[in-house]
């Protein structure tokens, strides 16, 4: 095969990947339209669109429609939809990055013990009102969850450095730290003096988007956007690292530095999301695998494709969670887990998992 034929194959593959990403954008738009129109209170589609476009384009003089419809769409449903998209993007991109850096298809961003540490921090705030920083009120749980998530990452990296930073030591250290914080979380749940506090901890651990607001979105969005861009800038290094540490070193890539940088980025993204939504599992695990089946293992395309699939998955899961028990709702973490466990088992036993390397 000559150079011209190779270039044609590459161009064809690149075009297919770009089209896949564009198609996912279209799917997200359709999912938004469907989700915004469904719920315990379901205004007419035209009224929902009126409320949205009157806010986006106020200079057009569009009739915003009934006040109740405006409140339902703009203040309740849209923040939840936007947060689902942002959280899905951050979780899935983090999962794709960690699977690439650690060269293991069965790891996720939670392998560093992030979720368990966040749960412990949130439980401290919910049950005992204890905060690691001088923060009170509604942000006490958020700050505690974020700080303990970052602490878990520092502990994992510190332990891994004792034996030489490698993929194996990071995974094992993450498992150990995860068990440690899980044990501490179980202790808090056991000694919790109030039934309501225990119930609140359990509900937080299931994950949910019901508390989403425009204020929280303004905090989360810049962090996820910056970390996503920085993850994508590391895509070529991750591609090289997938060929092995010796090959990467010979090509001028420092595996330990790449591992440290990506650990910080994915922990920052995941910790920020968990702090505002609670623990939402499996999005970071299954989204990269679906993307890999669609477009292959080139992380320049895999990371953004995984991010879009994560957004679709979490948005659809949250829509199902809102509808399945109307007027009550399931925590979205329950829905993603019900979807994720069968997919995880499929990855575990399928021969497809060998083709990603």
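Numbering (our numbering), first residue to last: 2 to 358.
Note that the Cβ used here is the ideal one computed from N, Cα and C, for glycine as well.
As the structure is a prediction and not an experimental result, all values here were calculated from the model.
Where the alpha helix (DSSP H) containing residue 89 begins and where it ends: 79 to 103
Own chain residues within Cβ distance below 7 Å of residue 206, not counting five before or after: 120, 279, 280
Element boundaries [alpha helix (DSSP H), containing residue 269]: Counting along the chain, the alpha helix (DSSP H) containing residue 269 begins and ends at 256 to 278.
C-alpha distance - residue 357 paired with residue 106, whole-angstrom precision: Here the model assigns residue 357 a pLDDT of 47, short of 50, so the residue's position is not dependable, and the following value carries that caveat. Each residue's Cα considered, the two are about 8 Å apart.
CB-CB length for residue 315 against residue 40, believed under 8 Å: Contact flag wrong, Cβ pair sits at about 17 Å.
Beta carbon of residue 204 nearer than 8 Å to that of residue 117: no
Within the stretch 271 to 340, ranges of the alpha helix (DSSP H) (whole runs, at least 4 residues): 284 to 296, 300 to 324
Selection from 111, 127, 158 that minimises the alpha carbon distance to residue 195: 127
Residue 139, DSSP secondary structure in three states: coil
Given residue 331 as reference, the closest of 322, 72, 145, 109 once Cα atoms are compared: 322
Residue 123: first and last residue of the uninterrupted alpha helix (DSSP H) it sits in: Element bounds for residue 123: 115 to 124.
Exposure of residue 76, with buried meaning 16 or more beta-carbon neighbours within 10 Å: exposed
Three-state secondary structure assigned by DSSP to residue 51: helix
Proximity below 8 Å, CB of residue 18 to CB of residue 296: yes
Selection from 232, 184, 238, 269 that minimises the alpha carbon distance to residue 307: 232
For residue 175, three-class secondary structure by DSSP: The three-state reading of DSSP puts residue 175 in helix, counting H, G and I together.
For residue 159, three-class secondary structure by DSSP: Helix at residue 159.
Assigned secondary structure, residue 64 (DSSP; H/G/I helix, E/B strand, else coil): coil
Meets three-Cβ-pair contact criterion under 8 Å: the stretch 270 to 289 and the stretch 137 to 149: In short, these stretches touch, since the Cβ pair count reaches three.
Inter-stretch contact at 8 Å, needing at least 3 Cβ pairs: the stretch 224 to 239 / the stretch 42 to 51: no
Cβ contact check for the stretch 282 to 297 and the stretch 93 to 100: 3 or more pairs under 8 Å: Contact between the stretch 282 to 297 and the stretch 93 to 100 is present, because at least three Cβ pairs lie under 8 Å.
Where residue 154 sits in the DSSP three-state scheme: helix
Proximal residues to residue 348 (C-beta, below 7 Å), its chain only, five neighbours per side dropped: 106, 107, 290, 354
Assigned secondary structure, residue 227 (DSSP; H/G/I helix, E/B strand, else coil): helix
Nearest-angstrom Cβ-Cβ length linking residue 224 and residue 273, presumed shorter than 8 Å: 5 Å
Residues near residue 351 by beta carbon distance below 7 Å, same chain, minus five either side: none
Where the alpha helix (DSSP H) containing residue 201 begins and where it ends: 196 to 207
Residue 153 versus residue 99 - alpha carbon distance: 16 Å
Simplified DSSP state of residue 45, which is helix, strand or coil: DSSP places residue 45 in coil when its eight states are reduced to three.
Rounded separation between residue 33 and residue 131 - CA only: 38 Å
Residue nearest to residue 44 in terms of C-alpha spacing, selected from 24, 261, 71: Check the Cα spacing between residue 44 and each of 24, 261, 71: the tightest is with 71.
Residue environment, residue 319, which counts as buried when at least 16 other CB atoms sit within 10 Å: With 16 or more neighbouring CB atoms inside 10 Å of its own CB, residue 319 falls in the buried class.
Residue 38 to residue 171 span [Cα, whole Å]: 44 Å
Same chain, Cβ closer than 6 Å to residue 378, neighbours up to 5 away in sequence not counted: No answer is possible for residue 378: the residues shown for the chain start at 2 and end at 358.
With 16 other Cβ atoms within 10 Å as the buried cut-off, status of residue 156: buried
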